[in-house]
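Heads up: the structure comes next, in structure tokens.
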Amino acid sequence: MKSFRTDLHIHTVLSPCGDLEMSPANIVLLAKKRGLDIIGITDHNSTKQCKLVWELGQKHGLTVIPGCEMNSREEVHCLGLFEDFDKLNEFQQYIECHLQIIPNDPDIMGYQVVVDEDGNILEEVDHYLGAVLNVSIEEMQQKVHELSGIFIPAHIDRRQNSLYGQLGIFPPELKADALQISKLADETAVREKFNISTGMTLVKFSDAHYPEDLGKTYTIFEMHEPSFTELRKALSGDGGRSVRIPL
Ligand SMILES: [Zn+2]
Ligand SMILES: [Zn+2]
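Here it is in structure tokens:
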């Protein structure tokens, strides 16, 4: 068993609130420099920048998990992570079917661009990616699981755009693979506050929108190799694998 520093919640320049310095090349460079082994790319309601980060990760020996940070009808943010690009592309189609279309004003909401390896703009997304999907959190979770993905409600301790902030409770029908707490949160305090049993895995990721945040917050995954399958097994504590938030 080996330890892998893992941060599965990172935004690129494609997110309206993502810094223009969060290009795929820069993210991979910084993740390597700061000792991360596995990263997840999770832009708001879009997966379009994942492939390039994955390709650059392959070149530089960094495991990149493609994904997305979805915004449900109830305005709850959740991470969906996928094992391959067929599944990811299918999920992208699902997003495009359900995303509420609001024109984006880059001066107010921020730029939303897909860039190439050199940072040249390939596409500017003209509708606001921070909008909601017209689906409930349960429907979103079911879709992620139908595609064999990993489903993790994001920053659950935040007052807004979080499971407890928006809903007040953990919906009885919801099946989460783990819950992500925010970077400054204390694991024990969050468990007590929301009455979360020890059977539910908590993870801590950076939710980085700026280069300076990359590498500062992560979770240690104890498992055999840096792969999607191993991540899933570690989240459920399969075969002695485990997940630990560093103190
Ligand atoms: Zn969020
Ligand atoms: Zn985020």
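Per this note's numbering, the sequence shown runs over residues 34 to 280. For every residue, glycine included, the Cβ atom is placed at its ideal position computed from N, Cα and C.
Does the count of Cβ pairs from the region 214–223 and the region 234–254 closer than 8 Å reach three?
-> yes
Less than 7 Å between the CB of Thr252 and some heavy atom of ligand 2, yes or no?
-> no
Consult DSSP for Asp40 and reduce its assignment to one of helix, strand or coil.
-> strand
Please name the residue in Gly100, Pro136, Ser79 whose C-alpha comes closest to that of Ile128.
-> Ser79
Drop a sphere of 10 angstroms on the beta-carbon of Ala222, count the other beta-carbons inside from all chains shown, and report buried for 16 or more, exposed for fewer.
-> exposed
Residue(s) in a DSSP beta bridge with Ile98 = Gly73
Around the C-beta of Ser105, are 16 or more other C-beta atoms found within 10 angstroms, so that it is buried, or is it exposed?
-> buried
At which residue ranges does the region 192–265 contain complete beta strand (DSSP E) runs of 3 or more residues, listed in the order of the chain?
-> 212–214, 235–237, 252–256
One or two residues paired with Cys111 in a DSSP bridge | Met103, Pro186
Pick out every residue whose C-beta is nearer than 5 Å to a heavy atom of ligand 1: which are they, in chain order?
-> His110, Ala187
Beta-carbon proximity list for Glu54, same chain, < 6 Å, skipping 5 on both sides | Pro244
When every heavy atom of ligand 2 is checked, does at least one fall within less than 7 Å of the C-beta of Glu31?
-> Here the chain comprises residues numbered 34 to 280, so residue 31 is not present and cannot be evaluated.
Just to confirm, does Asp246 get its C-beta within under 7 Å of one of the non-hydrogen atoms of ligand 2?
-> no
Of the choices Thr262, Gln82, Ala209, whose alpha-carbon is the least far from that of Val177?
-> Ala209
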